[in-house]
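Q:
Numbering (the numbering used here), first residue to last: 26 to 173.
(1) Does residue 40 come out as helix, strand or coil in the three-state DSSP assignment?
(2) Please go through the same chain and pick out, in chain order, the residues whose beta-carbon is closer than 6 Å to the beta-carbon of residue 67, but skip the five residues on each side of it.
(3) Helix or strand or just coil, what does DSSP make of residue 116?
(4) What would DSSP say about residue 173, mapped onto helix, strand or coil?
(5) When the Cα atoms are used, what is the spatial distance from residue 131 to residue 170?
(6) Mind checking residue 47: buried by the 16 CB within 10 Å criterion, or exposed?
(7) Helix, strand or coil for residue 98? Go by DSSP, reduced to three states.
(8) Check each candidate in 41, 146, 93 and name the one with the smallest Cα separation from residue 65.
(9) Mapping DSSP to helix, strand and coil, what is residue 154?
(10) Per the contact definition of three or more C-beta pairs closer than 8 Å, is the segment 92 to 110 in contact with the segment 123 to 140?
(11) Alpha carbon to alpha carbon, what distance is there between residue 91 and residue 173?
(12) Where does residue 66 sit, in a helix, a strand or coil, going by DSSP?
(13) Assuming residue 159 contacts residue 152 under a Cβ cut-off of 8 Å, what Cβ separation, rounded to an integer in Å, is found between them?
(14) Looking at the structure shown, is residue 72 part of a helix, part of a strand, or coil, going by DSSP?
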């Protein structure tokens, strides 16, 4: 039973009963062992405090940085509210336009892909990628043409 428990214990846990038996057979006084245990506990306590202080200082630095940035962010938010008022920014229509545009380019790529056999591109995935890139480039070129 104890052999199983010993296997389950993490390697950092000291088995004091074993150490006490070994030190007792060597004639070492218990006070020396107790001082060693207290020193180990003190060292672990100091390491734990150091790790917690390190995390605390990192969080305090982030808090200070964010507090310094807060006035700029509040000014930017006030500017946005002045421009658009109390209404929500338009999100649905641009998202819908993006979805329709991407679908159109994807449909064009699917229809254009088989014709790329003539250019020596036989792999279906490569055809789709090349056709999508060609369709996207054509769309951007058409957009720039309309704006000029």
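We put the CB at the ideal spot given by N, CA and C, even for glycine.
A: Taking the definition as stated:
(1) coil
(2) none
(3) coil
(4) coil
(5) 21 Å
(6) exposed
(7) helix
(8) 41
(9) helix
(10) no
(11) 43 Å
(12) helix
(13) Rounded, the Cβ-Cβ distance is 10 Å, inconsistent with contact.
(14) helix
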